[in-house]
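In the working numbering, the protein residues as written are 17 to 170.
Here it is, written out as structure tokens:
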């Protein structure tokens, strides 16, 4: 049971890395540039797509970073005295947030189906995953360099 509770908690805590306000704008700029290159949108597609995508991304980030941040704080403050009842309550809150995120994703998918052809929607999903993977690799390299890991010269 502890393993089932610990995994989502560790996931929530790892999200804090991307919640750094001074890095958020830079990451967003890189993401937009990467997605633009990968999707090869026409001018008309871009004009219709980016407002919808930006709205979705803003709402999604708000849920992921602000609401999950509050939940992480609650978890951290109760970790030492966490009862099974409180753990179940926290898991329920996590499930509600994950459901909200999933619902937003579905609504976004429905909206962009009227803007982009199916092939470009699939390209978008692949590009988003590639971007996340590249950012995670970048973070691991940066962290390794700061902590004397490979490539740090220490």
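All C-beta atoms, glycine included, are put in the ideal place defined by N, C-alpha and C. Only a predicted model underlies this, so the values are computations on that prediction, with no experimental measurement involved.
Whole-angstrom distance between residue j and residue i, CA atom to CA atom
i: residue 72; j: residue 126; result: 12 angstroms
i: residue 59; j: residue 65; result: 10 angstroms
i: residue 145; j: residue 69; result: 15 angstroms
i: residue 160; j: residue 130; result: 43 angstroms
i: residue 124; j: residue 143; result: 16 angstroms
i: residue 84; j: residue 95; result: 16 angstroms
i: residue 97; j: residue 151; result: 35 angstroms
i: residue 108; j: residue 46; result: 34 angstroms
i: residue 154; j: residue 119; result: 30 angstroms
i: residue 110; j: residue 42; result: 28 angstroms
Residue i in three-state terms, based on DSSP
i: residue 131; result: coil
i: residue 110; result: helix
i: residue 96; result: coil
i: residue 55; result: helix
Candidates the options: closest to residue i by CA position
i: residue 209; options: 40, 92, 118 and 141; result: Lying before the first or after the last residue shown, residue 209 is absent from the chain, which here runs from 17 to 170.
i: residue 79; options: 46, 121 and 98; result: 121
i: residue 137; options: 95, 62, 119 and 114; result: 62
i: residue 67; options: 147, 43, 128 and 149; result: 128
i: residue 74; options: 117, 102, 104 and 154; result: 117
i: residue 49; options: 157, 152 and 140; result: 140
Residue i CB to nearest heavy atom of the ligand ATP below 6 angstroms
i: residue 70; result: The ligand ATP is absent from the structure shown, which contains no ligand whatsoever.
Touching by the beta-carbon criterion (3+ pairs, under 8 angstroms), the stretch 90–108 and the stretch 49–65: no
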